[in-house]
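Okay, so here's the structure we're looking at.
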Amino acid sequence: LGRKLNAAFSSLNRASIVDEKVLDTLLKDVCAALLETDVNVKLVASLRVKVKAKVKASLESGADKGKDVNRKSIVQKAIFDELVQLVDPGVEPYKPKKGQPNVMMAVGLQGNGKTTTCTKLAVYYQRRGFKSCIVCADTFRAGAFDQTRQSATKAKVAYFGSYTETDPVAIAAQGVAKFKKERFEVIIVDTSGRHKQESELFQEMIQIGEAVKPNMTVMILDASIGQAAEAQAEAFKESANFGAIIVTKMDGHAKGGGAISAVAATKTPIIFLGVGEHLHDLEKFSPQPFISKLLGLGDVQGLMEHMQDIATQNPDKQKEIAKKLEEGKLSIRDWREQIQNVMNMGPISKIASMIPGLPQEMLQGSDEEGSMRMKRMIFITDSMTAYELDSDGSPFMESGKDGKPIGLTSRVTRVARGSGTSVREVEELLCQYRMMANMAKQAGGKNGWLQAAQKMQ
Ligand code: GDP
Ligand code: MG
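Here the sequence shown is numbered in the UniProt record's numbering, starting from 6 and rising by one per residue.
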């Protein structure tokens with residue numbers, strides 16, 4: 006989905022004039038990309054109508070001041086906002102609180118990834134200082150308790166279950182009572198999913214719910230089920246009244262669009278995405294960064310979270326970065342450090358899309374090709390002086406009388422020669438850095454969404 010949308014956006018950027026025809030083509034491409042990933046047909050149709058109306062209203066009010074550049078950003082913003090609307094039902098999910106038990110219950114059909122996600126969630130909260138545990142209330146699937154036992158042991162998370170008790174309601178009640186007494190803070194109840202939506206399953210979920218009174222019920226939804234997601238989510242909503250959704254298997258060739266439709270149909274927020282089979286393959290979900298990433302505009306928040314995870318080994322550094330972000334003062338050197346961190350973080354294809362300013366081409370081709378491109382960026386910065394690295398890029402810019410940049414200084418040629426690259430490549434890197442710095446500024450300022458997101462945790 007990302008690549009198609011991204012391509013549509015790039016072609017808008019290349020267009021020299023923005024008229025009705027360009028807008029129609031862009032909208033057609035965007036809608037086709039959404040439909041192809043199984044977003045509900047009605048949702049797509051209404052998105053199209055809304056974007057057109059918004060753009061038309063803006064243009065009639067003269068907001069574009071007759072300029073194509075302004076028109077482009079009006080169109081981009083309208084599409085961005087409508088896509089965010091699709092995944093943002095405007096409902097705040099439950100946030101676990103320290104020093105008290107927070108019971109979460111996972112529901113969803115068998116194979117959707119409940120047990121895996123329960124462990125991931127426990128690890129996620131454990132790392133953030135919550136005493137976390139898992140209760141296995143799946144007595145339907147043979148070997149369910151063994152699966153919980155194995156993954157919980159691997160994750161070093163406390164667990165509860167039984168080989169002999171056959172009543173899932175009794176196990177759930179016992180486990181939650183035990184862990185509450187032991188002052189656990191995040192208690193996750195894993196349920197059986199069965200193969201299909203059947204009345205026994207819903208009956209069982211209702212009974213477990215009544216027994217453990219969860220603070221939050223989470224529907225675990227498999228991204229790959231396509232259009233079926235909507236009906237499945239609606240059926241579960243009716244009996245389990247879940248307050249949050251986690252979409253799993255977003256790493257595969259998943260058509261995530263069905264999940265998007267499920268959010269719209271049940272007016273329930275997505276809180277995490279499952280992006281792999283391993284314990285740490287869980288990404289926090291927020292509508293704006295998600296869409297931003299989808300459109301190739303970067304994901305500052307996701308990147309910062311990754312960086313914070315890494316920086317736990319180096320708390321001083323973490324503070325420094327947070328402060329710089331707040332002041333909107335990330336230097337070229339800071340950016341280079343981010344790129345180097347990313348290179349150490351594992352498969353580039355997974356993480357590069359988070360760095361604002363990195364060209365999308367970075368994501369194409371193999372991981373080796375991706376790291377080669379990143380290495381070239383590092384080569385370029387290696388040829389910069391300390392003064393240049395610590396700057397915001399202004400030494401490379403020649404300014405006119407009014408302070409506005411009018412051209413490049415000879416420093417650019419020097420760096421290109423020193424790094425064995427071209428003036429164009431250096432120029433591109435500076436341009437990408439500026440894009441990153443602007444996004445970071447927007448995100449990190451006093452009223453930026455990065456702060457808002459941190460407060461929510
Ligand atoms: P449950 O029946 O709902 O408890 O599902 P499980 O947790 O047993 O998961 C079913 C399968 O999906 C397992 O093979 C998991 O490894 C796999 N799985 C779960 N979440 C993800 C994910 O985010 N990505 C990928 N690739 N596989 C996942
Ligand atoms: Mg299971």
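We put the CB at the ideal spot given by N, CA and C, even for glycine.
In terms of alpha-carbon separation, which member of the options lies closest to residue i?
{"i": "E215", "options": "V162, M109, A267 and Y129", "result": "M109"}
{"i": "K100", "options": "K289, L226 and K119", "result": "K289"}
{"i": "Q293", "options": "L40, T122 and G95", "result": "G95"}
{"i": "Y168", "options": "G281, A147, E97 and M255", "result": "A147"}
{"i": "A228", "options": "G113, V23, A20 and K72", "result": "G113"}
{"i": "Q81", "options": "Q179, T196 and V27", "result": "V27"}
{"i": "P173", "options": "S156, A160, F150 and E187", "result": "F150"}
{"i": "M379", "options": "K406, Q152, Q345 and I275", "result": "Q345"}
{"i": "V128", "options": "S156, A391, Q152 and K103", "result": "S156"}
{"i": "S396", "options": "F384, I383 and R439", "result": "R439"}
{"i": "Q232", "options": "V44, I22 and G423", "result": "V44"}
{"i": "A442", "options": "R338, G408, T273 and D34", "result": "R338"}
Below 6 Å CB to CB, which residues in the same chain sit around residue i once its five sequence neighbours on both sides are set aside?
{"i": "K136", "result": "F189 and E190"}
{"i": "C36", "result": "V49 and R53"}
{"i": "M461", "result": "A caution first: M461 carries a pLDDT of 38, below 50, which makes its placement in the model unreliable, though a value can still be read off. Excluding positions up to five away in sequence, the list is empty."}
So if DSSP puts residue i in a beta bridge, which residue, or which two residues, is it bridged to?
{"i": "A142", "result": "T196"}
{"i": "residue 3", "result": "Absent from the model: residue 3. The displayed extent of the chain is 6 to 462, so no value can be given."}
{"i": "G71", "result": "The partner list for G71 (beta bridge, DSSP) is empty, contrary to what the question assumes."}
{"i": "A20", "result": "The partner list for A20 (beta bridge, DSSP) is empty, contrary to what the question assumes."}
{"i": "D227", "result": "T253"}
{"i": "L413", "result": "M402"}
{"i": "residue 480", "result": "This structure gives no information on residue 480, because the portion of the chain shown stretches from 6 to 462."}
{"i": "V191", "result": "N107 and S137"}
{"i": "V112", "result": "M224"}
Would DSSP call residue i helix, strand or coil?
{"i": "F290", "result": "coil"}
{"i": "N107", "result": "strand"}
{"i": "S404", "result": "strand"}
{"i": "Q456", "result": "Reliability fails at Q456, whose pLDDT of 47 lies under 50, so the model's placement of it is uncertain and no value is given."}
{"i": "G423", "result": "helix"}
{"i": "G180", "result": "helix"}
{"i": "I337", "result": "helix"}
{"i": "P219", "result": "coil"}
{"i": "L278", "result": "strand"}
{"i": "V174", "result": "helix"}
{"i": "A12", "result": "helix"}
{"i": "E25", "result": "helix"}
Cβ of residue i within 8 Å of Cβ of residue j?
{"i": "K55", "j": "E87", "result": "yes"}
{"i": "L32", "j": "K57", "result": "yes"}
{"i": "T222", "j": "G248", "result": "yes"}
{"i": "T42", "j": "G279", "result": "no"}
{"i": "L284", "j": "T253", "result": "no"}
{"i": "F145", "j": "F165", "result": "no"}
{"i": "A182", "j": "A142", "result": "no"}
{"i": "F85", "j": "I296", "result": "yes"}
{"i": "T120", "j": "T171", "result": "no"}
{"i": "E432", "j": "L413", "result": "yes"}
{"i": "F384", "j": "T426", "result": "yes"}
{"i": "S336", "j": "D387", "result": "no"}
I'd like the list of long-range same chain contacts for residue i, defined as Cβ closer than 7 Å, with 5 residues on each side in sequence excluded.
{"i": "A267", "result": "L226, A234, E235, A238 and I250"}
Give every residue of the same chain whose Cβ lies closer than 8 Å to the Cβ of residue i, excluding the five residues on either side of it in the sequence, and list them in chain order.
{"i": "G281", "result": "D256"}
{"i": "P219", "result": "V108, M109, M110 and V194"}
{"i": "K103", "result": "G134, F135 and E190"}
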